[in-house]
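> For the sequence shown, position 136 matches number 139 in this note's numbering, and the numbering has no gaps at all. Note that CB positions come from ideal geometry on N, CA and C, so glycine has one too. Remember, predicted model here, so these are calculated numbers, not experimental data. Here's a structure for you.
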Amino acid sequence: MLLSYQPFPESAYTSVRFFENQFVFGRMIRSLHYFAANLIVVMVFGHILRIFFTGGYQGKRKLNWMIGLCILSLILLSCFTGYLLPWDQTAFWAVTISINMFDYVPAGGFLKELLIGGEGVGEKTLQLFFTLHTTLIPSTLILFLATHFWKVRKAKGVVTSRLNGPGDDEKSKKRPHFGEVFAKGRQGDQDVHEDLIFLSKDTLSPGIVRAT
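Pasting the structure below:
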């Protein structure tokens, strides 16, 4: 999609349609991109709610909680900037209406001008949104995600029970890492396999003829 898209008002919509109709699995790839973007918003928001209700933002995890909120904000901003890129009527007017809402908040005029790059949504806005969506936001998101996962590992996993105070952080239940789960699963499979072999030897009918 990145290689075929053209961030110019006169060719943006055409390049999107060209990718859908001329590239192999183009329509499916764009649909996956669209639905995955919506799904990740739901998943991250649900994760934020779980952390809030289990008290996982307390104690030493406060900084990681703030990083998680930044990740959610970056994902929402990525969805917002990507919505304009098809440059159809729905995208144009949805972004125009959303940006005009900044007029009703403090410092909204500055933020509005910063986002659209001019007096109204146009070529500069499209190119700015394209740069944010494909370069700046993904790079920043990768950095925040790496830091977030590192701090989760440093905290010995995620919190799965409600914390009553900062001192409960170390006493709370932790969800085991994938490696531990995989190792336990492999051990369980081996035990079951050995039990089945033992049972098969005891219950084997003498009338069964084995292949030689």
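(1) Quick check on the burial criterion: 16 or more other C-beta atoms within 10 angstroms. Buried or exposed for Val98?
(2) Got a sec? Which residues, its chain only, sit under 8 Å from Trp68 by beta carbon, not counting five neighbours each side?
(3) For Val108, count neighbouring Cβ atoms within 10 angstroms of its own Cβ and tell me buried if that reaches 16, exposed if not.
(4) Helix, strand or coil: how does DSSP classify Val2 here?
(5) With Met4 and Phe22 assumed to form a contact (beta carbons below 8 Å), what rounded beta-carbon distance in angstroms separates them?
(6) Does the beta-carbon distance from Phe152 to Ile70 come in below 7 Å?
(7) Beta-carbon within less than 8 Å of Tyr86's beta-carbon, same chain only, minus the 5 sequence neighbours each way: which residues are those?
(8) What does the Cβ neighbour count give for Ser81, buried or exposed, with the cut at 16 atoms within 10 Å?
(9) With a threshold of 8 Å, are at least 3 pairs of Cβ atoms found where one atom belongs to the stretch 7-24 and the other to the stretch 126-141?
(10) Using DSSP with H/G/I as helix, E/B as strand and the rest coil, what is Pro141?
(11) If the criterion is Cβ atoms closer than 7 Å, does the pair Ile102 and Lys115 meet it?
(12) Distance check for Ser142 and Leu88, CA to CA, integer angstroms please.
(13) Which of the three DSSP states, helix, strand or coil, is assigned to Trp112?
(14) Just confirm the distance between the C-beta atoms of Leu75 and Phe48, as a whole number of angstroms; I'd bet it's less than 8 Å.
(15) Tell me the DSSP secondary structure of Gln130 in three-state form.
(16) Going by other Cβ atoms of all chains shown within 10 Å of its Cβ, with 16 needed for buried, is Arg64 buried or exposed?
(17) CA-CA distance, Lys159 and Val44?
(18) Using only the alpha-carbon positions, how far apart do Leu6 and Ile145 sit?
Reading off the structure:
(1) Mapped onto the sequence shown, residue 98 falls at position 95. Classification of Val98: buried, given that the 10 Å Cβ count is 16 or more.
(2) Along the sequence shown, one-based indexing puts residue 68 at 65. Excluding positions up to five away in sequence, the list reads Ile54, Gly59, Tyr60.
(3) Within the sequence shown, the letter at position 105 stands for residue 108. Flag for Val108 reads exposed.
(4) With the chain represented from 4 up to 215, any question about residue 2 goes unanswered, as that position is not in the structure.
(5) As a working mapping, residue 4 is identified with position 1 in the sequence shown. As a working mapping, residue 22 is identified with position 19 in the sequence shown. The Cβ separation is near 6 Å, so the contact holds.
(6) Position 149 of the sequence shown, counted from the start, is the residue given in the question as residue 152. Position 67 of the sequence shown, counted from the start, is the residue given in the question as residue 70. No; because the gap between Cβ atoms is not below 7 Å, this pair is not in contact.
(7) Counted from its first residue, the sequence shown places residue 86 at position 83. Taken in chain order, the residues that qualify are Ala94, Ala97, Val98.
(8) Taking the first residue of the sequence shown as position 1, residue 81 is located at position 78. Counting Cβ neighbours within 10 Å, Ser81 comes out buried, since at least 16 surround it.
(9) yes
(10) By one-based count along the sequence shown, residue 141 stands at place 138. Correct three-state label for Pro141: helix.
(11) What you label residue 102 is simply residue 99 of the sequence shown in a count that begins at 1. What you label residue 115 is simply residue 112 of the sequence shown in a count that begins at 1. Going by C-beta atoms, Ile102 is nearer than 7 Å to Lys115.
(12) Here residue 88 refers to the residue found at position 85 of the sequence shown. Here residue 142 refers to the residue found at position 139 of the sequence shown. Those two C-alpha atoms are separated by around 19 Å.
(13) The sequence position of residue 112 within the sequence shown is 109, counting from 1. Going by the sequence as given, residue 112 is Gly instead of Trp. Helix, per DSSP.
(14) Counted from its first residue, the sequence shown places residue 75 at position 72. Counted from its first residue, the sequence shown places residue 48 at position 45. Confirmed, Cβ separation roughly 7 Å.
(15) What you label residue 130 is simply residue 127 of the sequence shown in a count that begins at 1. Looking at Gln130 - three-state DSSP - the assignment turns out to be helix.
(16) Indexing the sequence shown from 1 puts residue 64 at position 61. Under this definition Arg64 is a buried residue.
(17) By one-based count along the sequence shown, residue 159 stands at place 156. By one-based count along the sequence shown, residue 44 stands at place 41. Computed Cα separation, rounded: 26 Å.
(18) As a working mapping, residue 6 is identified with position 3 in the sequence shown. As a working mapping, residue 145 is identified with position 142 in the sequence shown. Distance between the alpha carbons of Leu6 and Ile145 is about 21 Å.
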